[in-house]
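Student: Starting off with a structure, shown below.
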Amino acid sequence: MKSILCISRHSPYGNALAREALEAVLAAAAFEQNIALLLMDDGVWQLKDQQQPLAGIQKSVARNLSALEMFGIETVYAHQPSAHQRGLSAQAICIDTVQWLTDDQVRQLISQHDHLLSF
Amino acid sequence: MKFTLVILGAPYGDSASQSALAFAQAALADGHSIYRLFFYADGVYNATRLAAPPQDEHDLPACWTQLIKQHQLDAVVCIAAALRRGVLDPTEAKRYQKSNDNLAPEFELSGLGQLIEASAVSDRVLTFGP
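Going line by line, the protein sequences match chains E and S.
Numbering-wise, the first sequence is residues 0 to 118 according to numbering that gives the first Met the number 0.
Numbering-wise, the second sequence is residues 0 to 129 according to numbering that gives the first Met the number 0.
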């Protein structure tokens with residue numbers, strides 16, 4: 000089986016890419032594929048706690064992130080320098096399955112996977 | 000090399016669709032094969048047959064349909080992404096009681112499973128997005 004790394008680089012509510020990236024990850028997990036998710040650049044904002052999407056207008060990205068564990072994705076990777084640059088605290092995040100990675104560790108993660116899906 | 004291309008950008012919205020088209024043309028001209036084109040997110044807008052760009056502009060949707068026909072490419076449009084953006088084939092138009100459909104006949108609506116399956120069998124998966 001080929002392994003896929005999905006890199007999600009967009010903020011949760013500015014456009015639909017964050018949510019549609021998560022839908023692709025959930026679909027791959029549902030098909031029992033080897034898939035991992037890496038949040039970087041503005042994508043780390045998806046981890047912010049206390050998200051308050053507009054009821055009936057926006058679906059919660061935080062809720063989709065927390066669903067990953069049920070689909071067997073026990074770790075969500077996130078780029079620590081992206082969070083640091085944006086002042087996002089590792090304490091103020093919405094899921095507890097995050098593993099923070101340095102630049103080097105991101106490089107390693109990318110090289111460990113057969114395919115990249117970049118959103 | 001066997002490629003799958005994921006297109007996330009609408010025609011004219013950003014350069015993603017044009018870049019993907021140029022890559023596909025170059026790869027095929029160079030003897031590579033394209034296992035699947037997968038249109039997702041705003042990329043589904045590439046599949047409407049109702050686009051009518053001004054005559055002095057590059058007709059990107061027409062270039063896609065021509066390439067797909069010429070090389071008999073498998074062009075899949077994510078059904079969930081397409082339905083919420085109003086890109087419908089006749090079956091879905093009927094199902095949701097819409098007055099018309101607009102999916103160009105060179106494309107097919109299907110699920111994200113088609114992207115997953117394509118990544119399993121392709122040597123490279125390339126994403127073209129904003």
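Cβ coordinates follow ideal geometry from the N, Cα and C atoms, glycine included.
Please report the Cβ distance between V76 of chain S and L114 of chain S, rounded to the nearest whole angstrom; I am assuming they are in contact, meaning their Cβ atoms lie under 8 angstroms.
Tutor: So it is not a contact: roughly 11 angstroms between Cβ atoms.
Student: Can you check whether the CB of I6 of chain E is closer than 8 angstroms to the CB of S110 of chain E?
Tutor: Cβ distance not < 8 angstroms, so S110 of chain E and I6 of chain E don't count as in contact.
Student: Where A21 of chain S and L4 of chain S are concerned, what is the direct C-alpha to C-alpha distance, given to the nearest angstrom?
Tutor: For A21 of chain S and L4 of chain S, the distance between alpha carbons rounds to 12 angstroms.
Student: Quick one: does H114 of chain E have its CB under 8 angstroms from some CB of chain S?
Tutor: Closer than 8 angstroms to some Cβ of chain S, the Cβ of H114 of chain E qualifies, so yes.
Student: Measure from the alpha carbon of Y95 of chain S to the alpha carbon of each residue in S:I67, S:L82 and S:P104, then state which is nearest.
Tutor: If we check each option's Cα against that of Y95 of chain S, S:L82 comes out closest.
Student: In chain order, which beta strand (DSSP E) runs of at least 3 residues are fully inside the stretch 0-57 of chain S?
Tutor: The stretch 0-57 of chain S contains these whole beta strand (DSSP E) runs: 1-6 and 32-38.
Student: Please name the residue, chosen from S:D55, S:A23, S:L49 and S:P53, that lies closest to Q69 of chain S on a Cα-to-Cα basis.
Tutor: The candidate whose alpha carbon is nearest that of Q69 of chain S is S:A23.
Student: Just the chain S side, please: which residues come within less than 9 angstroms of L16 of chain E by C-beta, in chain order?
Tutor: L7, A40, D41, G128 and P129, listed in chain order.
Student: Does any residue of chain E bring its CB to less than 8 angstroms from the CB of G112 of chain S?
Tutor: At least one chain E Cβ lies under 8 angstroms of G112 of chain S.
Student: Quick test of the definition: if touching needs 3 or more C-beta pairs under 8 angstroms, does the stretch 50-67 of chain E touch the stretch 98-105 of chain E?
Tutor: No: fewer than three Cβ pairs fall under 8 angstroms.
Student: Leaving aside the five residues before and after H114 of chain E along the sequence, list all residues of the same chain whose C-beta is less than 8 angstroms from its C-beta, in chain order.
Tutor: Correct list, in chain order: K1, S2, I3 and L4.
Student: Got a sec? Which residues, its chain only, sit under 7 angstroms from R62 of chain E by beta carbon, not counting five neighbours each side?
Tutor: So no residue of the chain qualifies.
Student: By DSSP's criteria, T90 of chain S is part of a beta bridge. Which residues make up the other side?
Tutor: DSSP output for T90 of chain S lists no bridge partner at all.
Student: Using a beta-carbon distance below 8 angstroms, is A26 of chain S in contact with chain E?
Tutor: No, no contact with chain E.
Student: State buried or exposed for G13 of chain E, treating a residue as buried only when at least 16 other CB atoms are found within 10 Å of its CB.
Tutor: Its Cβ having fewer than 16 others within 10 Å, G13 of chain E is exposed.
Student: Using a cut-off of 7 angstroms between C-beta atoms, extract the partners of G118 of chain S located in chain E.
Tutor: Note that residue 118 of chain S is Ser in the sequence shown, not Gly. Neighbours of S118 of chain S on chain E, chain order: K1, I3 and H114.
Student: Expressed to the nearest angstrom, what Euclidean distance is found between the alpha-carbon atoms of L64 of chain E and Q98 of chain E?
Tutor: So the alpha carbons of these two residues sit roughly 14 angstroms apart.
Student: Give the range of the alpha helix (DSSP H) segment to which S118 of chain S is assigned.
Tutor: Its alpha helix (DSSP H) spans residues G112 to V120.
Student: Can you list, in chain order, the residues of the stretch 59-82 of chain S whose Cβ is nearer than 9 angstroms to any Cβ on chain E?
Tutor: Those residues of the stretch 59-82 of chain S that come within reach of chain E (Cβ to Cβ, closer than 9 angstroms) are C77, A79 and A80.
Student: If I follow the unbroken alpha helix (DSSP H) through N33 of chain E, where does it start and stop?
Tutor: Element bounds for N33 of chain E: not the alpha helix (DSSP H) but the beta strand (DSSP E), N33 to L38.
Student: Against F70 of chain E, what residues of chain S qualify as contacts under a CB-to-CB distance less than 9 angstroms, listed in chain order?
Tutor: Per Cβ cutoff of 9 angstroms: no residues; F70 of chain E is ~13 angstroms from chain S at best.
Student: S117 of chain E CB to nearest chain S CB: under 8 angstroms?
Tutor: Yes - at least one Cβ of chain S is within 8 angstroms of the one on S117 of chain E.
Student: Are the C-beta atoms of Q32 of chain E and some chain S residue less than 8 angstroms apart?
Tutor: Yes, Q32 of chain E lies at the interface with chain S (some Cβ there is under 8 angstroms from its Cβ).
Student: When the Cα atoms are used, what is the spatial distance from L59 of chain S to A91 of chain E?
Tutor: When rounded, the distance between both Cα atoms is 44 angstroms.
Student: Work out the CA separation of D13 of chain S and A74 of chain S for me, nearest whole Å.
Tutor: For A74 of chain S and D13 of chain S, the distance between alpha carbons rounds to 20 angstroms.
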